[in-house]
Amino acid sequence: MKIVKVGMPVLMILISVTFLISSFAIPKANLGNPNGPLYFPIGLSVLMLILSLIYLFNELKTMDGSYEKIKDLFDKKTLARIGVTIILGIIYSLIFETVGFLISTILFLGLLLFYLNGRKKWLVNIAVTAGFSFITWYGFSQLLGVSLP
Amino acid sequence: MEGFLEGFLTAIQPINILWIVLGGFLGTVVGMLPGLGPATAVAVLIPVTFGMDPTSAIILMAAIYYGAMYGGSRSSILLNTPGDGSAIAATFDGYPMAKKGQAGQAMAISAVASFIGGVLATIGFVFLAKPLASFALKFGPAEYFLLMLLTLSAIVSLSIGKMIKGFIAMSIGLLLSTIGIDPQTGIHRFTMGVPHLSEGIDFLIVIIGVYAVGEVFYNFLTINKEKKGPKDGGDSMGKIWFTKEQWKRSKWPMLRSAPLGFIIGVLPGAGGSIASMISYSTEKQISKKPEEFGKGAVEGLAAPESANNAASVGAMIPLLTMGIPGSGTTAVMLGALIMLGVRPGPMLFENDPVMVWGLINSMFIGNIALVIINVLLVGLLVKVLKTPAKVLYPLIIMLAFIGTYTLSYSTVDFYLLLLFGVIGLLMKVMDFPIAPLVLALIVGTDMEQNFRMALTSSNGSFSIFFSSWITVVLIILTVLSLFYPLLIKLFKKKKNDHTIAS
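Protein chains in written order, with our numbering: chain G, 5 to 153; chain A, 3 to 504.
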């Protein structure tokens, strides 16, 4: 768990350094002040770098603190729930345009409900999936005029 | 006055009444759900506003916002689980009241308190908005830049104890806002050759990602530790209307808290959470029976409920008159308005008085509708609270996906949505405040452009930022806001020393 506590500020430091380095790669402007587009990105990455270093220092000082939330996150069940949702989300993104809104939504929502809510409550799961998918499809594509695949 | 009447006629059009009632109801429902607050409610329901006339859209979003404020206290009272920050104060005395078998009375008084707060604040809106808009016309780029800086620093300092993390979140938001083509020079920044990024990251996707998907992921941490309602009082609500004595006790606290909450709402960075906390502690301090606070004192529930609703109305003033949101929820609303092609700011009152006055009038109607909904439908609303979270969270994820799709008709954004969901989750787990990120991302582009325009007009001299009394005041306020947490600490220490000494 300690690694996560230090990992976050290290990640922030990396992000700010990446932004700082790529800021210098921004081409000079032909219009107006040639360095105009640079001020904000450079200033902000430096600010973020300084803040992240302070953050890292603070975290190192409080290593004995509580890890309640981090522990909850790394609970196997929590990770599984988040992981399954993300994987289903990616599958949804992949099939959305080919199989269409209605089918992909029914699949995504149905599977997610069966996974989270349990097989025992299959009737609720199916009813909610069917009801929600149809209502959103009808609402968006027919009432609000959003074109869905 | 003319604008007011015209706005009134707009607000009472049947279609707008429908949006007010629907928005208020949906806001109440989402606001009630533990862990979900007004920002999430507005974010998830943004796609509904597309294709709507902008006036109806803002009426609907405002109704969702204050509807969520009404709803927020339901779960505080019944489950001791606040929907969001501004409903925390409602748990202090609301939950003890429910345990005493007065859940119905508690919900009735909180609905009436919300109503009083909302209506009084709307009256304040009528008087304050126009002068503030005229004042804002004096603002040049330097003033706007400094005002945004003040708003950001205020919202960070007010998340006490998380200042460093808040400023990191703000820097990330501002850096994200620089991605894409620079509007002044046409230069590509941080696009890494990806064409999809040249228009920048759509802040609505970030908002939906962190507020909806991130929030659901975060709730996965505790999904099995759900708090159950009070075992004995779950179904027995007690009386659904409060007694004369309860009314007498809470009448003045409600009336006092409304202007207090309104003013706090107008201030940059502060919002419903701070308004309700301050009103609670004020009432406790001036009460003749402070020992009853926390044990089910009815005024301890009524005062913060009135204050947080008033604050939600007040928060819309800087949004509409200056185009600068002061809180997470109004930032989300600004994002949606920009999508609809509305540019809030001082000119809005000149260019589109019907929209502004329509909104103001809709808030009167909406508050009346909500108090009726919340008192009469209390049984139905309580049933909604019993909807298992495990059914609800997948639905919110689904709405997030659909909302994202309606923004760009591209499934590429689905991946961004998931990415920002994970970022939102990590931020919540590591105790980062979310509002500075979202606010910074939304005002970031404007902030940078104003900064550079100010420097261009002064030929690169920073003296422009000290050139008028407005800029000087803004700078002083920004510096003060940075030291605010320090001042609070000193003040508390002094108070403690004092009590120990005596």
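C-beta atoms are modelled at their ideal positions from N, C-alpha and C, and glycine is treated no differently.
Environment of residue i [buried if 16+ CB atoms lie within 10 Å]
| i | result |
| --- | --- |
| G/Met-5 | exposed |
| A/Phe-117 | buried |
| G/Ala-131 | exposed |
| A/Ile-490 | exposed |
| A/Met-365 | buried |
| A/Val-46 | buried |
| G/Phe-28 | exposed |
| G/Ile-107 | exposed |
| A/Pro-143 | buried |
| G/Arg-123 | exposed |
| A/Phe-137 | exposed |
| A/Gly-195 | exposed |
| G/Gln-146 | exposed |
| A/Lys-430 | buried |
Minimum Cβ-Cβ distance from residue i to chain G less than 8 Å
| i | result |
| --- | --- |
| A/Leu-420 | yes |
| A/Glu-217 | no |
| A/Ile-174 | yes |
| A/Met-150 | no |
| A/Lys-250 | no |
| A/Lys-167 | yes |
| A/Gln-186 | yes |
| A/Thr-473 | no |
| A/Glu-301 | no |
| A/Gly-17 | Here residue 17 of chain A turns out to be Ile, not Gly, going by the sequence shown. Chain G, which has no Cβ nearer than 8 Å to the Cβ of A/Ile-17, makes this no. |
| A/Pro-487 | no |
| A/Thr-124 | no |
| A/Leu-177 | yes |
9 Å Cβ cut-off: residues of chain A touching residue i
| i | result |
| --- | --- |
| G/Ser-10 | The amino acid occupying residue 10 of chain G in the given sequence is Val; Ser does not appear at that position. Simply none; closest approach about 11 Å. |
| G/Asn-121 | Pro-390, Lys-392, Val-393, Pro-396 |
| G/Val-132 | Val-393, Pro-396, Leu-397 |
| G/Thr-109 | Met-400, Phe-403, Ile-404 |
| G/Val-150 | Pro-49, Phe-52, Gly-53, Ile-404, Tyr-407, Thr-408, Tyr-411 |
| G/Ser-26 | Arg-191, Phe-192, Met-194 |
| G/Phe-138 | Per Cβ cutoff of 9 Å: no residues; G/Phe-138 is ~12 Å from chain A at best. |
| G/Gly-93 | Val-215, Ile-399, Phe-403, Phe-416, Tyr-417, Leu-419, Leu-420, Gly-423 |
Below-8 Å beta-carbon distance, residue i vs any chain A residue
| i | result |
| --- | --- |
| G/Ile-7 | no |
| G/Gly-104 | no |
| G/Leu-35 | yes |
| G/Val-14 | no |
| G/Leu-116 | yes |
| G/Ile-30 | yes |
| G/Leu-18 | no |
Own chain, CB closer than 6 Å to residue i, minus 5 neighbours either side, in chain order
| i | result |
| --- | --- |
| A/Phe-10 | Asn-363 |
| A/Ser-329 | Gly-273, Ala-317 |
| A/Ser-308 | Ala-115, Ile-118, Gly-119, Met-256, Ser-259, Ala-260 |
| A/Ile-90 | Pro-84 |
| A/Leu-418 | Ile-207 |
Nonlocal neighbours in the same chain, by C-beta distance under 7 Å from residue i, ignoring five residues either side
| i | result |
| --- | --- |
| A/Ser-200 | Gly-182, Ile-183, His-190, Thr-193 |
| A/Ile-375 | Gly-26, Phe-27, Thr-30 |
| G/Pro-13 | Ser-56, Tyr-59, Leu-60, Glu-63 |
Under 7 Å from the C-beta of residue i: neighbouring residues of chain G
| i | result |
| --- | --- |
| A/Tyr-417 | Ser-97 |
| A/Phe-94 | Near A/Phe-94 there are no residues of chain G at all, since even the closest Cβ is about 23 Å away, more than 7 Å. |
| A/Val-431 | Lys-73, Ile-74, Leu-77 |
| A/Thr-180 | Phe-44, Pro-45 |
| A/Thr-480 | Within 7 Å Cβ-Cβ: nothing; A/Thr-480 doesn't reach chain G, min ~15 Å. |
Nonlocal neighbours in the same chain, by C-beta distance under 8 Å from residue i, ignoring five residues either side
| i | result |
| --- | --- |
| G/Ile-17 | Leu-53, Ser-56, Leu-57, Leu-60 |
| A/Asp-433 | Lys-164, Lys-167 |
| A/Thr-413 | Tyr-407 |
| A/Ile-399 | Ala-214, Val-215, Val-218 |
| A/Leu-457 | Ser-463, Phe-464, Ile-466 |
| A/Val-128 | Phe-6, Ile-362 |
| A/Glu-145 | Ser-470, Ile-472, Thr-473, Leu-476 |
| A/Lys-297 | Asp-95, Pro-98 |
Interface partners of residue i on chain A, CB under 8 Å
| i | result |
| --- | --- |
| G/Phe-144 | Pro-49, Ile-404, Thr-408 |
Residue i beta carbon near the ligand ZN (any heavy atom closer than 7 Å)
| i | result |
| --- | --- |
| G/Ser-27 | No copy of the ligand ZN occurs in the structure displayed, which carries no ligand at all. |
Partners in chain A for residue i, counting only beta-carbon separations shorter than 7 Å
| i | result |
| --- | --- |
| G/Val-128 | Val-393 |
| G/Ile-90 | Leu-420 |
| G/Gly-40 | Gln-186, Thr-187, Arg-454 |
Proximal chain G residues relative to residue i, where beta-carbon distance stays under 8 Å
| i | result |
| --- | --- |
| A/Thr-224 | Asp-76 |
| A/Ile-170 | Met-16, Met-52, Leu-55, Ser-56, Tyr-59 |
**OP:** Give the residues from the stretch 75-86 of chain G that approach chain A closer than 8 Å (Cβ to any Cβ), ordered along the chain.
**Re:** Cβ contacts with chain A: Asp-76, Leu-77, Asp-79, Lys-81, Thr-82, Arg-85, Ile-86.
**OP:** Taking only beta carbons into account, state which residues of the stretch 193-212 of chain A come closer than 7 Å to chain G, listed in chain order.
**Re:** Those would be none; no residue qualifies.
Original post:
According to a CB-to-CB cut-off of less than 8 Å, which residues of the stretch 48-66 of chain G neighbour chain A?
Top reply: Leu-48, Ser-49, Leu-51, Met-52, Leu-55, Ser-56, Ile-58, Tyr-59, Asn-62
Subject >> Interface positions of the stretch 31-43 of chain A facing chain G (Cβ-Cβ less than 8 Å), listed along the chain >> reply: none
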